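Engineer: Under this note's numbering, the first residue of the sequence shown is numbered 169, with each subsequent residue one higher.
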Amino acid sequence: MRRIALLWAVGLSSLAFAEEAAGEPPELKNARELTTKYLTAVKAKKWNDAKKLLHPKTVDAIAERKKRMGKEDHPMAPWYHEKVDSYLKDFKVGGARQGPTPSTFVVEATEDNFQVEDKGVAEGEKASYLVGKKDGKWFLVDKKRGEEFTNESIKLGYKGWFDKIEKPEEAPATE
């Protein structure tokens, strides 16, 4: 009897997961898929493929850091970090949520990173990716390790980075 109850419970949780995935808004699914595509390119060290997925202002920020500091030390410049810090060995894209606007999403991931100095793998490091739409196209915008993007930090730190959603005109009041 216990086995039947367990199988029933497992079946229900699988069904709930399938329903949740099926009910996932297309934009949320796109944000998760874009993050997966980016991380797959990073893991394979296909830097040009990864760079094509970056927001134009992120590319500018990386170039500005290189000009100012002499190095591309930016969370979205994994080609720099692979030599001095760490590089991605494996990852799992997890949950995602809409940001403060319909054109922003935060995607969570866990990453296994090879630590250059320690010559070992740090497993299960939490990372948070900001994904946003600009000029009708989705891009990877930024990354935080060990912390999440808040709606407030997105609103304040990325003004003008994303498409504005036009509010529909209100119909005139009828008398």
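Note that the Cβ used here is the ideal one computed from N, Cα and C, for glycine as well.
Values in this document were obtained by computation on a predicted structure and should not be read as measured data.
Is there contact here, the segment 264 to 280 with the segment 239 to 250, by at least three beta-carbon pairs under 8 Å?
Structural biologist: Flag = no, the segment 264 to 280 and the segment 239 to 250 do not touch.
Engineer: What does DSSP give as the partner residues of L256 in its beta bridges?
Structural biologist: Partner(s): N281.
Engineer: Taking only the alpha-carbon atoms, compute the straight-line gap between Q283 and Y255 and give it to the nearest angstrom.
Structural biologist: Approximately 7 Å, taken between the alpha carbons.
Engineer: Contact between the segment 191 to 199 and the segment 215 to 222 is defined here as three or more beta-carbon pairs at a separation below 8 Å; is this criterion met?
Structural biologist: No: the two stretches stay apart, fewer than three of their Cβ pairs being nearer than 8 Å.
Engineer: Pairs of beta-carbons, one from the segment 227 to 242 and one from the segment 282 to 297, closer than 8 Å: are there three or more?
Structural biologist: Flag = no, the segment 227 to 242 and the segment 282 to 297 do not touch.
Engineer: Helix, strand or coil: which one does DSSP assign to E225?
Structural biologist: Going by the sequence as given, residue 225 is Lys instead of Glu. Reduced to three states, the DSSP call for K225 is helix.
Engineer: How should V274 be labelled, buried or exposed, when 16 other C-beta atoms within 10 angstroms of its C-beta is the threshold for buried?
Structural biologist: V274 is buried by the Cβ-count criterion.
Engineer: Under the rule that 16 or more other beta-carbon atoms within 10 Å means buried, what is L298, buried or exposed?
Structural biologist: So L298 ends up on the buried side.
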